[in-house]
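> In the numbering used here, the protein residues as written are 66 to 358.
Using N, Cα and C, we set each Cβ at its ideal position, and we do this for glycine too.
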Amino acid sequence: MSVPIRVVLVVALCLIWGSTWPVIKIGLETLPPFHGAGFRFALAAAVLFGLSWAQGVAIPRRARTHLALLAHGLIGIGLSYGAVYWGEQYIPSGLSAVLFATNPFFVMLLAHLVIAGERVTGRRLVGMVVGFAGVALIFRDDLQMAHPLAVTAAGVTLLSPLAAAVSNVAIKRWGGHLHPYTLTALPMTYASVGLFTMSWMTEDPSGVVWTPTAVGSVVYLGLFGSVAAFVIFYTLLKQVAVSTLAFVTYTFPVAALLLGYLLLGETLAGQSLAGAGVVIVGIAVATAAPRRT
Numbered sequence: 066m067s068v069p070i071r072v073v074l075v076v077a078l079c080l081i082w083g084s085t086w087p088v089i090k091i092g093l094e095t096l097p098p099f100h101g102a103g104f105r106f107a108l109a110a111a112v113l114f115g116l117s118w119a120q121g122v123a124i125p126r127r128a129r130t131h132l133a134l135l136a137h138g139l140i141g142i143g144l145s146y147g148a149v150y151w152g153e154q155y156i157p158s159g160l161s162a163v164l165f166a167t168n169p170f171f172v173m174l175l176a177h178l179v180i181a182g183e184r185v186t187g188r189r190l191v192g193m194v195v196g197f198a199g200v201a202l203i204f205r206d207d208l209q210m211a212h213p214l215a216v217t218a219a220g221v222t223l224l225s226p227l228a229a230a231v232s233n234v235a236i237k238r239w240g241g242h243l244h245p246y247t248l249t250a251l252p253m254t255y256a257s258v259g260l261f262t263m264s265w266m267t268e269d270p271s272g273v274v275w276t277p278t279a280v281g282s283v284v285y286l287g288l289f290g291s292v293a294a295f296v297i298f299y300t301l302l303k304q305v306a307v308s309t310l311a312f313v314t315y316t317f318p319v320a321a322l323l324l325g326y327l328l329l330g331e332t333l334a335g336q337s338l339a340g341a342g343v344v345i346v347g348i349a350v351a352t353a354a355p356r357r358t
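#1: For the alpha helix (DSSP H) containing R189, name the first residue and the last one.
#2: Going by the beta-carbon positions, is the gap between G347 and G199 smaller than 8 Å?
#3: Looking only at C-alpha atoms, which of S291, L160 and I91 sits nearest to W275?
#4: Which one of F170, E183 and L202 has the shortest CA to CA distance from L190?
#5: Under 6 Å Cβ to Cβ from V72, same chain only, skipping five residues before and after it: list those, please.
#6: Run through DSSP, which three-state label would Q154 get?
#7: Output the boundary residues of the alpha helix (DSSP H) element that contains T267.
#8: Go ahead and pull the three-state DSSP assignment for K90.
#9: For the 8 Å Cβ check, are there 3 or more pairs between the segment 164 to 181 and the segment 230 to 243?
#10: Taking 8 Å as the cut-off, does the segment 249 to 262 touch the segment 137 to 148 (at least 3 CB pairs, one atom from each stretch)?
#11: Do you know offhand how far G220's Cα is from G152's?
#12: Quick check on V237: does DSSP put it in helix, strand or coil?
#13: Ordered along the chain, which non-local residues of its own chain (more than five positions away) have a Cβ less than 7 Å from that of F298?
#14: Could you check which residue in H177, L80 and L202 has the C-alpha nearest to that of G337?
#15: With 16 other CB atoms within 10 Å as the buried threshold, where does V292 fall?
#16: CB-CB under 7 Å to I140, same chain, minus the five flanking residues each way: which ones, in chain order?
#17: Using 10 angstroms around the beta-carbon of S271, count the other beta-carbons present and answer buried if the total reaches 16, otherwise exposed.
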């Protein structure tokens, strides 16, 4: 993959996933969290199976592969996104984004343990801390916990970056031979089943009204936030170190600021611009090639 194509894919990934946090929050206005997330990944799985069939990507036959994809679906997708959806009922989407920005910490530690060549270095640690500080600065006004369940919700939300880190490091270590459709279609099917099961056990969706906003949020999150974003992510994961790719997490708030400014006419406050600058510095420090001596 050429460098220009890689850059285009990274930018697309940043813009798509950077836009999903407020869209999840919008969907939660009418949809129970597990119910909405279940439909999101059910839609995405259906589209991905269609793409797999159209492009001749075979479904794995080995039971061991299916078990690995089941674990990926239930943990890396179902648990990760279920935690975010549930948590955003009680905490601001900005705080949720800050909590998810701990993902590079988990990825770096796990990759250090199981992937040769992805060792923790002082430069990466400094860049990680600086980048995280930038994210926190952008969302400083959203860091309050006013709801009685906010602390619990924050703790549950932290399961999301941890689950995603476990899954992505495992895929980088043992699943590099699998097609991006294989890494998404079946796992998202398993994730949707798990999420619908949680919805059946804990929610009452009988009174849900599928407003145009609710439908739009599910469609956007399913087609763009899941199909497009995950295929791009796993395509990049074949080319880039997982601990390096994890730093894309820090760009999501910056992308959200940019989209708000361009599409919604929102004002870019000095605090947000400063935070975005700190994020960029952190990523640059963490991902810069080491000097040769």
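According to the structure shown:
#1: G187 to I203
#2: yes
#3: I91
#4: F170
#5: none
#6: coil
#7: A250 to T267
#8: helix
#9: yes
#10: yes
#11: 8 Å
#12: Per the sequence presented here, residue 237 reads as Lys, with Val not at that position. In this structure, K237 counts as helix in the three-state DSSP scheme.
#13: L78
#14: In the sequence as displayed, the identity of residue 337 is Ser instead of Gly. Nearest C-alpha to S337: L202.
#15: buried
#16: A228, V231 and S232
#17: exposed
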